[in-house]
Amino acid sequence: MELKQRVFSGVQPTGNLHLGNYLGAIKKFVALQEHHDCLFCVVDLHAITVWQDPGELARSTREVTAAFLAAGIDPKQQIIFNQSQVPGHAELAWIFNCVARLGWLNRMTQFKEKAGKHRENASVGLYAYPNLMAADILVYRATHVPVGADQKQHLELARDIAQKFNTDFAEPIAKAGFEDGFFPLPEPLITGPATRVMSLRDGSKKMSKSEPSEMSRINLSDDADAIAKKIRKAKTDPEPLPSELDGLDGRPEAENLVCIYAAIAEIAPEQVLGDFGGGSFSAFKQALVELTVEKISPITNEMNKLMANPGDIDEVLADGSDRANQIAEPIYRKVKEIVGFVVR
Ligand code: AQP
């Protein structure tokens, strides 16, 4: 049975959607929809692995949906939905809890970073998060997953889980007519100059929703003045911009701004240095402000308009969830048969 190419990716509704989420993920979703069948998910089950205020969670779920729509994803051609409305994600995650090994999860660096010193106090959900992420992808037998570089390790785990499931249940899978295994090994799509956008205040840390300093990130909700202020105050170094890429070695803040420019302008970092190399940071930052405002402000304005009608956003999610469920339900039913559950 030939497997259809299918794209899946998710964004957590945990507030402060930022330029890293946009360039590392959402902008790529928009490009991929041209030639692929895609599912774009607001992963609310993932969000609650860390406590969320319920009212704020609902607002953020609509805000991420608004960002998908405002960025240009077509909700009729593609599927936009929230994870908790499709039961197959959590159900398959349980089976994967029984397939994945503790040793695999113990290696996950994101859990170590997020749990920090208070590991004993972290939720079980935060620890098992990568199993749910594997289920998110595989409940659709998705083949391609566009993500930022921070998700690479979780994607590798999803491949390990798919592989182990295919091996553990090889016999019933073959009997059911799946000659090449039941689950595909999903391919990460981590490409372009902005796979890891860094903090504007510290080039060694990634731009992140949970960083307390607002100056560290550009939020998709920022207006032109806020964008300008944050870019002008972004940390740099005393040297002028180099003309060649290797001149950025050991200069993470300069490299970050060049890569942000390249990703927004859709050109190579070499070309950015060709245009701005040898010049001062202040001239480059001014150009980056203008470019960022030109490209991000229309998205922000559209998000604000969409957020004024939450009922319309909820309809997009309900319709997308129904369509997602139509794909997930028969796949999960087949999984149950393969595992040996008695089904009706
Ligand atoms: N800095 C980044 N650069 C490039 N891509 C990024 N992504 C996140 N940060 C960057 C990508 O955005 C998508 C959605 O991310 P998420 O919402 O699922 O969660 P996250 O990775 O946990 O986001 P944050 O901002 O880093 O949140 P906190 O502060 O909670 O850790 C993913 O494809 C992600 O790779």
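If you read the sequence shown in the working numbering, its first letter stands for residue 29, the second for the next number, and so on.
Cβ atoms here follow ideal geometry from the backbone N, Cα and C, with glycine treated the same way.
With a cut-off of 8 Å, do at least 3 Cβ pairs link the segment 241 to 257 to the segment 307 to 327? yes
Please name the residue, chosen from 110, 288, 348, 215, that lies closest to residue 162 on a Cα-to-Cα basis. When each option's Cα is compared against that of residue 162, the closest is 215.
Mind checking residue 128: buried by the 16 CB within 10 Å criterion, or exposed? buried
Tell me the rounded alpha-carbon separation between residue 273 and residue 302. 10 Å
Might you give, ordered along the chain, the residues of its own chain that have their beta carbon closer than 7 Å to the beta carbon of residue 265, omitting 5 neighbours on each side? The residues 279, 281, 282, in chain order, have a CB closer than 7 Å to that of residue 265 in the same chain once the five nearest residues on each side in sequence are set aside.
Check whether residue 225 and residue 100 have beta carbons under 8 Å apart: no
Assuming residue 57 contacts residue 221 under a Cβ cut-off of 8 Å, what Cβ separation, rounded to an integer in Å, is found between them? Rounded, the Cβ-Cβ distance is 17 Å, inconsistent with contact.
Say yes only if the C-beta of residue 117 is nearer than 7 Å to one or more non-hydrogen atoms of the ligand AQP, and no if none qualify. no
Below 8 Å on the Cβ atoms is my guess for residue 213 versus residue 190; work out the distance and round it to an integer in Å. Indeed, because the Cβ distance is near 5 Å, the residues count as touching under 8 Å.
For residue 312, which three-state DSSP category applies? Look at residue 312 here: in three-state DSSP terms it is helix.
CB-CB length for residue 362 against residue 204, believed under 8 Å: 7 Å
Just to confirm, does residue 235 get its C-beta within under 7 Å of one of the non-hydrogen atoms of the ligand AQP? yes
Would you tell me roughly how many angstroms separate the C-alpha atoms of residue 267 and residue 292, rounded to the nearest one? 24 Å
Residue 149 to residue 353, Cα distance in whole Å? Using only the alpha carbons, I get a separation of about 34 Å.
Burial state of residue 104 (16 or more Cβ within 10 Å): exposed
Below 7 Å, is the gap between the Cβ of residue 83 and the nearest heavy atom of the ligand AQP? Short note on residue 83: C-beta not closer than 7 Å to any heavy atom of the ligand AQP.
Can you tell which of 290, 297, 207, 196 has the C-alpha that lies nearest to the C-alpha of residue 367? 196
Supposed contact pair residue 249 and residue 228 - C-beta distance, whole angstroms, cut 8 Å: About 16 Å; that fails the 8 Å criterion.
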